[in-house]
Amino acid sequence: MRLRLTINGDPHEVDGVWEGESLLYALRERLGLPGSKSACEQGECGSCSVYLDGTLVCSCLVLAGQAEGREVVTVEGIADGGGLHEVQRAFVEAGAVQCGFCTPGLIVAGHDLLSRNPRPSDPEIREALAGNLCRCTGYEKILDAVRLAAGRLA
570 MRLRLTINGD PHEVDGVWEG ESLLYALRER LGLPGSKSAC EQGECGSCSV
620 YLDGTLVCSC LVLAGQAEGR EVVTVEGIAD GGGLHEVQRA FVEAGAVQCG
670 FCTPGLIVAG HDLLSRNPRP SDPEIREALA GNLCRCTGYE KILDAVRLAA
720 GRLA
């Protein structure tokens, strides 16, 4: 199957996509975008979170064919030109990155929250990140990073 979609603002066309292939697999293995991570492959951990037509989704649960003609934004695509987006920068500065496996999904989820709500309360931040699991931290530095980015973006 041939897949045509827009990723991070650029048109892409991929041949040989299997009908049962996930969007996550297509992004990582066929398109060379390793930012979204393959962890649970069941939509439980959030490591593979991307935007699909502006909606936050777990790319492991979306068939690649469902993205035909649509727009995907990955963690690589939220960066500002050549530099990091404020959410990405805040994760680095707050020490919220440890092994890095959960980080892309948390960054995309934090970005999504701040695009909808530039001044979230702590319960709103926790709710927005609830679908993302981190195995290395106690989440406090992750929450600090979202608070830091919110302060800078507001």
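Under the numbering used here, the first residue of the sequence shown carries the number 570, and numbering increases by one thereafter. In this text, a Cβ means the ideal position worked out from N, Cα and C, and glycines have one as well.
Assuming residue i and residue j form a contact by the criterion Cβ under 8 Å, report the distance between their Cβ atoms to the nearest whole angstrom.
i, j, result
"Val583", "Val619", "The Cβ separation is near 16 Å, so there is no contact."
"Leu717", "Ala663", "6 Å"
Can you list, in chain order, the residues of its chain with a C-beta nearer than 6 Å to that of residue i? Leave out the 5 residues immediately preceding and following it.
i, result
"Gly604", "Thr643, Val644, Glu645 and Pro673"
"Ala633", "Leu572, Val586, Glu590, Leu592 and Ala595"
Between which residues of its own chain and residue i is the CB-CB distance below 8 Å, once the five residues before and five after are set aside?
i, result
"Arg639", "Leu574, Thr575, Leu621 and Asp622"
Would you mind sorting residue i into buried or exposed? The rule is 16 or more other CB atoms within 10 Å of its CB.
i, result
"Gly601", "exposed"
"Gly615", "buried"
"Gln657", "buried"
"Glu588", "exposed"
"Arg685", "exposed"
"Asp681", "buried"
Could you tell me which residues DSSP puts in a beta bridge with residue i?
i, result
"Thr624", "Leu621"
"Ser607", "DSSP lists no partner for Ser607."
"Arg573", "Glu582"
"Gly652", "Asp649"
"Val642", "Tyr620"
Apart from the five residues on each side of it in sequence, which residues of its chain come closer than 7 Å, Cβ to Cβ, to residue i?
i, result
"Cys668", "Cys705"
"Ala723", "Pro687 and Arg688"
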